[in-house]
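To start, the structure itself, in structure tokens.
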Amino acid sequence: MNPQKIMAEILAMQIIPRVNNELAEQLDLKPYHNSIGLVTLTIDDVGYVALDEATKKADVDVVYAKSFYAGAAHASGPLSGEVIGIIAGSSPDEIRSGFDAIQQKIQFDTYFEAILQNENHALFAHTVASCGTYLAELANVKVGTALAYLIAPPLEAVVGLDAALKAADVELKVFFGPPSETNFGGGLLSGSQSSCQAAADAFREAIENLARNPVV
């Protein structure tokens with residue numbers, strides 16, 4: 001069955017061509033980081049994957065990425081969404097290239113899935129075939145490593161992670177212990193691309209089975 005996709009929406013994208021020195025210091029920018037780009041989206045984990053994609057398609061670094069408490073449903077304003085990301089590069093052109101990569105990733109292949117077609121019950125079972133610098137640093141792996149990025153509501157996340165780790169030759173690199181800022185949980189698993197895909201499939205299947213029979 002094809003998943004019912006829950007797509008993220010970009011709410012705002014802004015470029016600061018030459019960032020103020022004091023702000024640059026607070027963001028821990030490198031000397032060559034003259035320009036920054038800011039983006040907000042409605043789904044945080046989709047945003048993190050898209051930010052990582054920007055580091056692969058443009059000469060930019062992710063210098064700031066944070067989820068907002070309680071998620072997009074309780075956003076602080078119409079342009080806030082669920083996450084803010086900041087990329088930095090040498091010029092506005094590099095930032096625009098990074099933005100293009102973010103938009104492409106969000107529009108075509110990175111999304112949450114409705115569990116058993118229920119949009120109020122969602123998971124993220126995404127295989128990153130080759131990670132960029134942002135996710136590589138987060139997971140403490142080499143750039144280019146395949147990752148399974150697995151997220152679900154708190155109880156479902158733990159059950160799903162257990163199933164994923166048992167089903168494939170993967171290693172748990174990061175455990176997002178529930179609750180996160182958005183009241184979810186999950187983890188980053190590393191392995192071959194096929195192993196990561198198998199882990200993602202097992203994660204999804206375990207959570208769907210749980211949703212059918214939540215009390216044992």
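Following UniProt numbering, the numbering of the sequence shown begins with 1 at its first residue and continues without gaps. Ideal Cβ positions, reconstructed from N, Cα and C, are used throughout, including at glycine.
Bridge partner(s) assigned by DSSP for residue i
i: H126; result: Y149
i: M13; result: V39
i: L61; result: The amino acid occupying residue 61 in the given sequence is Asp; Leu does not appear at that position. A88.
i: N118; result: I115
i: F176; result: G186
Reduced DSSP category for residue i - H, G, I as helix; E, B as strand; rest coil
i: E137; result: helix
i: E171; result: strand
i: L188; result: strand
i: S195; result: helix
i: S97; result: helix
i: F203; result: helix
i: K105; result: helix
i: K5; result: strand
i: K66; result: strand
i: V216; result: coil
Residue i versus residue j - alpha carbon distance
i: A163; j: S35; result: 43 Å
i: L23; j: S76; result: 22 Å
i: C196; j: N209; result: 20 Å
i: F124; j: R18; result: 36 Å
i: I10; j: E82; result: 10 Å
i: G98; j: A58; result: 5 Å
i: D169; j: G132; result: 21 Å
i: N118; j: L41; result: 22 Å
Selection from the options that minimises the alpha carbon distance to residue i
i: A200; options: L165, N213, T182; result: L165
i: S130; options: N21, K56, A75; result: K56
i: A73; options: I106, L188, Q193, T182; result: T182
i: Q4; options: N209, A70, A122; result: A122
i: E53; options: D109, E113, L188, I6; result: D109
i: A148; options: N21, V19, D45; result: D45
i: E171; options: P154, S180, S90, A139; result: A139
i: E205; options: A152, L29, A88, P178; result: A152
i: H126; options: N21, P31, V49, I43; result: V49
i: A12; options: H33, S194, S80, L188; result: S80
i: V39; options: V62, K30, I115, Y134; result: V62
8 Å contact criterion, which residue i and residue j should meet: CB distance rounded
i: T145; j: A157; result: In fact, because the Cβ distance is near 22 Å, the residues do not count as touching under 8 Å.
i: I86; j: L27; result: 7 Å
Chain E within 7 Å of residue i, Cβ atoms only
i: L41; result: Here there is only one protein chain, and chain E is not present.
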